[in-house]
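In what follows, a single structure is set out as structure tokens and then discussed.
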Amino acid sequence: MKAYVITIRGNEYSEDKASRCVETGVTVGKIDVETYFGVDKDRAQTVMRKHGLEWTWADKNRTLQVCPISNLYQRPYYGADLNSKIGCSMSHYLLWKKCVELDEPILILEHDAVFIREFPTFDFQGICQINDPKGGGKNGSRLSRLMTTRGVVGVQPSTPNTTDKRIPDGLAGNSAYVIKPFAAQELINKFHELGIWPNDATMCIQLFPYLEEYYPFITKVEQDISTSST
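In this text, residue positions in the sequence shown follow UniProt numbering: the first is 1, and each later residue adds one.
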């Protein structure tokens with residue numbers, strides 16, 4: 001399987017962490033990971049418009065609102081400026097397009113991903129998270145404990161983050177996931193239907209009920225800054 005780690009060209013922190021991901025891919029994961037130069041905050045608006053897209057999340061990430069199409073809540077994501085968030089989402093979008101063009105499943109990683117075991121061969125429906133959720137949002141540690149306590153090996157349906165069906169229930173951290181071409185195309189279509197959201201909000205159970213997760217964790221998050229902050 002082809003694997004890509006998103007990094008920001010010229011950003012010393014991002015390139016250093018991506019190099020670490022590539023190295024642990026070889027030494028631990030036994031998989032070759034290719035560096036993929038993503039969309040930085042300075043190019044985010046230009047790349048977004050080039051693909052006929054616009055950011056529609058939470059009134060430009062300022063206030064709580066409800067999506068008029070999906071009826072899902074949109075809560076502001078704090079911690080980075082809007083263009084950094086757009087750049088992060090567009091980086092994933094471009095890799096979804098690559099998945100469709102290659103017509104084969106790929107592994108997408110953010111630069112903070114570190115391999116902790118060998119990448120196995122396994123089947124999955126369309127999108128499957130392989131990272132330890134710990135460090136991925138406020139519920140990440142809880143989800144990590146739930147999956148560890150459950151201890152079921154292999155692919156399982158994504159563990160819910162919330163009981164509120166109107167809050168997008170996505171993959172915690174979203175720093176490492178495998179994706180099939182049909183699912184990549186569906187994600188692309190959602191960006192054009194709903195507008196650009198944070199990629200982990202778009203990639204939610206409500207919109208993609210076939211979301212899955214793999215245990216034991218294949219990667220973990222080690223970060224000081226996320227790709228949405230660079």
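Even for Gly, the Cβ is constructed at its ideal location relative to N, Cα and C. Remember, it's a predicted structure, so these values are computed and weren't measured experimentally.
Beta-bridge pairing of residue i - partner residues as DSSP gives them
i: E110; result: I6
i: I21; result: The displayed chain sequence assigns Cys, not Ile, to residue 21. None, per the DSSP bridge assignment.
i: T219; result: F115, N131
i: Q185; result: DSSP lists no partner for Q185.
i: L211; result: I127
i: A176; result: L109
i: R205; result: Per the sequence shown, the amino acid found at residue 205 is Ile instead of Arg. According to DSSP, which records beta bridges pairwise, I205 is partnered with nothing at all.
i: G170; result: C204
i: I196; result: W55
Among the options, the one whose alpha carbon lies nearest that of residue i
i: N131; options: M90, F217, D42; result: F217
i: I188; options: K98, Q223, G151; result: K98
i: N161; options: Y177, C204, L72; result: C204
i: G173; options: A184, T219, H192; result: T219
i: S14; options: T35, I127, M147; result: T35
i: C88; options: V26, Q74, M48; result: M48
i: V155; options: E101, L64, D123; result: D123
i: G126; options: S141, P105, V39, R142; result: P105
i: P168; options: V66, L82, V39; result: V66
i: I51; options: D59, V39, R62, T149; result: Checking the displayed sequence, the identity of residue 51 turns out to be His instead of Ile. Among D59, V39, R62, T149, the Cα nearest to that of H51 belongs to V39.
i: R43; options: M147, D164, T148, I86; result: I86
i: residue 240; options: L82, L143, E186, L207; result: Because residue 240 is not part of the residues shown, which for the chain are 1 to 230, the question remains open.
i: N11; options: G151, F37, T24; result: F37
i: T163; options: T24, E23, N139, C21; result: N139
Under 8 Å between C-beta atoms of residue i and residue j
i: A18; j: H111; result: yes
i: L194; j: S70; result: yes
i: W57; j: W197; result: yes
i: S158; j: V221; result: no
i: R166; j: Y93; result: no
i: S91; j: K41; result: no
i: V114; j: A184; result: no
i: K2; j: L102; result: yes
i: G135; j: Q223; result: yes
i: H192; j: L64; result: no
Practice task
Could you name each continuous beta strand (DSSP E) segment of 3 residues or more that falls completely within the stretch 88-168, going from the start of the chain to the end?
Solution key: 106-110, 113-115, 127-129, 154-157
Exercise for the section: Report yes or no: do the stretch 118-131 and the stretch 206-213 share at least 3 C-beta pairs separated by less than 8 Å? Expected result: A contact exists between the stretch 118-131 and the stretch 206-213.
Exercise for the section: With a floor of 4 residues, list each alpha helix (DSSP H) that falls wholly inside the stretch 21-73, ordered by position along the chain. Expected result: 44-50, 58-61
Handout entry: Any 3 or more C-beta pairs closer than 8 Å across the stretch 104-124 and the stretch 1-20
Key = yes
Practice task
Decide yes or no for the touch test of the stretch 174-185 against the stretch 77-87: beta carbon pairs closer than 8 Å, at least 3 of them.
Solution key: no
Practice task
Give a yes or no on contact between the stretch 115-125 and the stretch 23-32, applying the rule of three or more CB pairs nearer than 8 Å.
Solution key: yes
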